[in-house]
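Numbering (my numbering), first residue to last: 701 to 1507.
Backbone N, C-alpha and C fix where the C-beta goes; we use that ideal spot for every residue, glycine too.
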Amino acid sequence: MKVFRFLVALILTILFISYVNFKQGDIPPLGKFMSPFTGFWKNGEASKFVMAKKLKAKQLKEDVTIKFDDQVIPHIFASNDYDLYFAQGYITAYHRLWQMEFQVMATEGRISEIIGEKAIDFDKTNRRKGLKYAAKRSLNLLTQDPKVHNMMQAYTDGVNYWINSLSYEDYPIEYKLLDYAPEPWTNLKSALLLKYMADMLSSGEADLENTNALALLGRDDFEMLFPESFAQVDPVIPSSRKWDFEPIQVDRPDVKFPQTFTPEAIEKPDPSNGSNNFVVGRSKTANGRVLLANEPDLALNLPSIWYVTQLHAPGVNVFGATIPGAPGIIVGFNDSIAWGVTNAKRDVVDWYNIEFRNQRREEYRYDNKWLKTEKVVERIKVRGGETVYDTIVHTHYGPVVYDRNFKGNGESLNFAMKWTAHEESMEVKTFYELNRAKNYEEYVDALQYFMAPAQNFAFAAANGDIALWINGRFPVKWEEQGKFLMDGSDSRQEWVQDMPREHLAYIYNPDQDFVSSANQHPVDSTYPYYVYDYNYEFYRNRRINDRLRLMNSIEVGDMMKLQNDNYNYRASESLPLMLDSLDTARMSAPQKGAYNLLRRWDYFNDPENQSPSYYEEWWKALYGLIWDEFDNREIALNKPHVFNTIYLMRNDGANKYFDLQSTDQKETVVDLINQSFVTAVERIEEWKEEHEEDRVDWFVYKNTGARHILKLAPFSVENIRIGGNRNIVNAASSGHGPSWRMVVELDEKQVRAWGVYPGSQTGNPGNPAYAEMIDNWANGTYYPLNFLHSPQEENPNIVYSQVLKAK
701 MKVFRFLVAL
711 ILTILFISYV
721 NFKQGDIPPL
731 GKFMSPFTGF
741 WKNGEASKFV
751 MAKKLKAKQL
761 KEDVTIKFDD
771 QVIPHIFASN
781 DYDLYFAQGY
791 ITAYHRLWQM
801 EFQVMATEGR
811 ISEIIGEKAI
821 DFDKTNRRKG
831 LKYAAKRSLN
841 LLTQDPKVHN
851 MMQAYTDGVN
861 YWINSLSYED
871 YPIEYKLLDY
881 APEPWTNLKS
891 ALLLKYMADM
901 LSSGEADLEN
911 TNALALLGRD
921 DFEMLFPESF
931 AQVDPVIPSS
941 RKWDFEPIQV
951 DRPDVKFPQT
961 FTPEAIEKPD
971 PSNGSNNFVV
981 GRSKTANGRV
991 LLANEPDLAL
1001 NLPSIWYVTQ
1011 LHAPGVNVFG
1021 ATIPGAPGII
1031 VGFNDSIAWG
1041 VTNAKRDVVD
1051 WYNIEFRNQR
1061 REEYRYDNKW
1071 LKTEKVVERI
1081 KVRGGETVYD
1091 TIVHTHYGPV
1101 VYDRNFKGNG
1111 ESLNFAMKWT
1121 AHEESMEVKT
1131 FYELNRAKNY
1141 EEYVDALQYF
1151 MAPAQNFAFA
1161 AANGDIALWI
1171 NGRFPVKWEE
1181 QGKFLMDGSD
1191 SRQEWVQDMP
1201 REHLAYIYNP
1211 DQDFVSSANQ
1221 HPVDSTYPYY
1231 VYDYNYEFYR
1241 NRRINDRLRL
1251 MNSIEVGDMM
1261 KLQNDNYNYR
1271 ASESLPLMLD
1281 SLDTARMSAP
1291 QKGAYNLLRR
1301 WDYFNDPENQ
1311 SPSYYEEWWK
1321 ALYGLIWDEF
1331 DNREIALNKP
1341 HVFNTIYLMR
1351 NDGANKYFDL
1361 QSTDQKETVV
1371 DLINQSFVTA
1381 VERIEEWKEE
1391 HEEDRVDWFV
1401 YKNTGARHIL
1411 KLAPFSVENI
1421 RIGGNRNIVN
1431 AASSGHGPSW
1441 RMVVELDEKQ
1451 VRAWGVYPGS
1461 QTGNPGNPAY
1471 AEMIDNWANG
1481 TYYPLNFLHS
1491 PQEENPNIVY
1501 SQVLKAK
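As structure tokens, then:
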């Protein structure tokens, strides 16, 4: 009840936040909300486990046993697939129902129904991006596979079993705060959830920003500021890999990219969405067992993005993390294999400029003919307001997102979105098969169904095999195709076909006896296909590979230590130049103090170290000065990548872009380094005064938080004592970072695993377990993952049991 005593003290704060964040008049009816019999008080729970020990479920074929360990992880034992996934749907909804539904409603573009007119643009964007359209296409394909359809339907039935048992008093507190009720779950909602992940991880691109920059800067400057690759990429697939296939040849046509300035681009996913995974083979481990580590770097939300489960039925015994709302295990292990994923960054979204025949937009030009459009009228319900109608025009490329009604410029901008995630696909089948896979061949077979978002699937097997496949749907492109806005009237700019599966990049049992990925460039220049993304990683990957090349006799603790590594590779390559460029003769006392701290720094962003705070503030000020040319523009632009910025600083200090636009002098990088240092120290001193602090410890200054999805402060945790940052292996920034850490050790005799994430299994802020794993996650302490083989197995960590009785 500790949490709810806190809530009682802050209930007026919660209501005030609700009043500020949501449309006036949307505060829940106070009588109902405050009722001691059915209101928020009923969400207070005295212990972790308050569910009934026995429940009857007429849908089940046989009884199901659910064992819970002390971390509230359910271990589900069923006699058949239907009962297994029914129980998974039920217990996930029990702990995470509001989160599941809210995320799906966001994907579908229905948040205005809950919070009012402030969400209209958000809803329009998601509807125009075609997420529901894509989910329907995939669901149509999934229902044609009997095993997968049974899996999804069972999961849906389990969720609805829980929903149908609820009355108002049982609703998660968010429903009561926002004054609405849960809807029935459907298979479409599970399909939407997978498109939510595709949107988060694969919809990022820079086509319009690149088009603007090319028109503004010219070709030479654009290529200098936005190069596609560097020699130091240390790609996912080692450069020693030889490609023994005949690639599909696509010649670049003689085309010109539209010279169009776009004033505004739609909001993009967090560019830091990524992850780390690495596997070491037997020759590099202390005991001859294979080791796999994975940590998806995503938003640090409460409730957590992940829900951890064990699933056991005939033919399957699998443990790991899944996304609430999706059946099966997405990242995990069974008794034969383990796998982990990172985002395989690739440009799989392209924009086409559409030329309509007239303002009716019923036809559009395609070569020498006019093709018919299809119009879909979206009906957006708005809480407390009038329904909004939005007409979306569909072309054979995809939906027209930018037009006269949304982020366009009168009649002149009509951009259609082509995206691999719009195509029908069967990602759920990948996890159905992968959960049951026993060896490398079955792992590869399972991946054939996974299309979007493309992922780097790292693999380890009990027999000693290790591998990594860069898996997804990748269109074959000519050089620079899709890097800029393309002409939708020119058929030569179409995607021709997808890359054949046998041409995907992968590595299997490499000589170095380890594999890894961290969202860096997938391959080197010898790969015979055009590969591009605007935001590859350049630091985490090199740190991981540097360490793995040196490490031998590796143990589980070494894998954990590497996952929690705070070494700042970016600082190690930029700070020496920055310090050497400073004029130390005229420094104030605070400036000298900062200078001395940075001189002594070992480049580790540890929690109580002050040096990272000074460095990051200095780098932010310096980066802003360098790229002042990109400020205050009335067009959408990206600034050059940090890695290229440092490259230019070290190799071309008199580059014209180091000259400030706001002065008459001719500045060099040295001038900007000195000016930004003064600014950074001033900002730190102001922060100290404002926060009444003598020190500027990194974890306090950075303020990593696990924040509630609704940004309600009483349901969030701030100032978590953790180091790291973006571009660091321990990628914990203010609101983003390792959302699930897992290490697995396996051979033919035994599988052992450990894991932790910043949150807990329950999504109820009134439960004492809420957020209980955050401190251990922050200090790098892992929980053993109790991999059971039967419901009768003795295990001291199993503390509760529930039986779902078939009638």
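Pick out whichever of the options has its Cα sitting closest to the Cα of residue i.
i       : options                               : result
Asp1053 : Val1082, Lys956 and Ser983            : Asp is not the amino acid found at residue 1053; the sequence shown has Asn there. Measuring from the Cα of Asn1053, the nearest candidate turns out to be Lys956.
Val1128 : Val1456, Ala898, Gln1450 and Gly1405  : Ala898
Asn1532 : Thr1363, Ala1478, Glu1329 and Ser1376 : The structure shown has nothing for residue 1532, since the chain only spans 701 to 1507.
Val1196 : Pro953, Gln1148, Val1256 and Ser1490  : Pro953
Tyr1500 : Ile1170, Leu1000, Gln771 and Gly981   : Gln771
Val1530 : Gly981, Thr1087, Leu1277 and Trp885   : For residue 1530 there is no data in the structure shown, the boundaries of the chain being 701 and 1507.
Tyr1102 : Thr1091, Pro1003 and Ala1116          : Ala1116
Leu1425 : Tyr782, Gln1263, Gly1463 and Asn1135  : According to the sequence as given, residue 1425 is Asn; it is not Leu. Taking only the C-alpha atoms, the option nearest Asn1425 is Gln1263.
Ile1420 : Met1473, Glu1390 and Val1451          : Met1473
Gln1148 : Ala1161, Glu1133, Lys1138 and Ala1160 : Glu1133
Arg1192 : Tyr1066, Met805, Arg1057 and Asn1105  : Tyr1066
Lys753  : Asp783, Ile791, Asp781 and Tyr782     : Ile791
Tell me the residue span of the beta strand (DSSP E) that contains residue i.
i       : result
Ser1501 : Ile1498 to Ala1506
Lys1075 : Glu1074 to Ile1080
Arg1012 : Contrary to the premise, residue 1012 reads as His rather than Arg in this sequence. Tyr1007 to Ala1013 is the extent of the beta strand (DSSP E) around His1012.
Asn840  : From DSSP, Asn840 is part of no beta strand (DSSP E) but of the alpha helix (DSSP H) over Leu831 to Leu842.
Tyr1229 : Where Tyr1229 is concerned, there is no enclosing beta strand (DSSP E), given that its DSSP letter is neither H nor E.
Pro1290 : Not the beta strand (DSSP E): Pro1290 falls in the alpha helix (DSSP H), residues Ala1289 to Arg1300.
Gln1155 : Gln1155 to Ala1161
Trp1051 : Val1049 to Asn1053
Thr765  : Val764 to Asp769
Asp997  : Val990 to Ala999
Pro774  : Pro774 to Phe777
Arg1046 : Element bounds for Arg1046: n/a, residue is neither H nor E.
Pro1438 : His1436 to Pro1438
Ile1207 : Tyr1206 to Tyr1208
Tyr790  : Unbroken run through Tyr790 is the alpha helix (DSSP H), Asp781 to Glu808; no beta strand (DSSP E).
Arg952  : First-last for Arg952: undefined, no H or E at that position.
Using the beta-carbon count (16 or more within 10 Å), is residue i buried or exposed?
i       : result
Leu1250 : exposed
Glu1493 : exposed
Tyr1267 : buried
Lys1292 : exposed
Arg827  : buried
Ile750  : Just to set this straight, residue 750 is Val in the shown sequence, not Ile. Exposed: under 16 other Cβ atoms inside 10 Å.
Pro1496 : exposed
Thr1284 : exposed
Tyr785  : buried
Ala1471 : buried
Thr1091 : exposed
Is the CB-CB distance between residue i and residue j below 7 Å?
i       : j       : result
Leu1504 : Ala787  : yes
Ala835  : Ala891  : yes
Ile1335 : Asn912  : yes
Gly1172 : Ala1044 : yes
Pro872  : Leu760  : no
Asn1430 : Asp1265 : yes
Glu808  : Lys832  : yes
Tyr1482 : Trp1440 : no
Pro1153 : Ser902  : yes
Val1144 : Ser1281 : no
Asp934  : Asn1245 : yes
Val1093 : Val1100 : yes
Considering just the uninterrupted stretch of the alpha helix (DSSP H) at residue i, what are its terminal residues?
i       : result
Thr1379 : Val1369 to His1391
Val1400 : Trp1398 to Lys1402
For the segment 1072-1087 against the segment 1008-1021, are there 3 or more C-beta pairs whose distance is under 8 Å? no
Does the segment 1353-1367 come close enough to the segment 1293-1306 that 3 or more CB-CB pairs lie under 8 Å? no
Counting beta carbon pairs with one atom in the segment 1163-1181 and one in the segment 1208-1215, are three or more of them shorter than 8 Å? Taking 8 Å as the limit for Cβ pairs, the verdict is that the segment 1163-1181 does touch the segment 1208-1215.
The segment 1338-1358 in contact with the segment 915-931 per 3-pair CB rule at 8 Å: The segment 1338-1358, when compared against the segment 915-931, does touch it at the 8 Å Cβ threshold.
Counting pairs of Cβ atoms below 8 Å between the segment 875-882 and the segment 836-856, do you hit three or more? no
Between the segment 1020-1036 and the segment 1117-1126, are three or more C-beta pairs nearer than 8 Å? Between the segment 1020-1036 and the segment 1117-1126 there are fewer than three C-beta pairs closer than 8 Å, too few to call the two in contact.
On the three-pair Cβ rule with 8 Å, is the segment 1201-1213 touching the segment 965-978? Contact annotation: the segment 1201-1213 does not touch the segment 965-978, with fewer than three C-beta pairs closer than 8 Å.
If contact is defined by three or more beta carbon pairs under 8 Å, each pair taking one atom from either stretch, is the segment 934-954 in contact with the segment 1226-1236? Judged by pairs of C-beta atoms under 8 Å, the segment 1226-1236 touches the segment 934-954, as three or more such pairs exist.
Touch test, the segment 1201-1209 against the segment 1177-1190, Cβ-Cβ under 8 Å, three pairs minimum: Contact fails between the segment 1201-1209 and the segment 1177-1190, because fewer than three Cβ pairs, one in each stretch, are under 8 Å apart.
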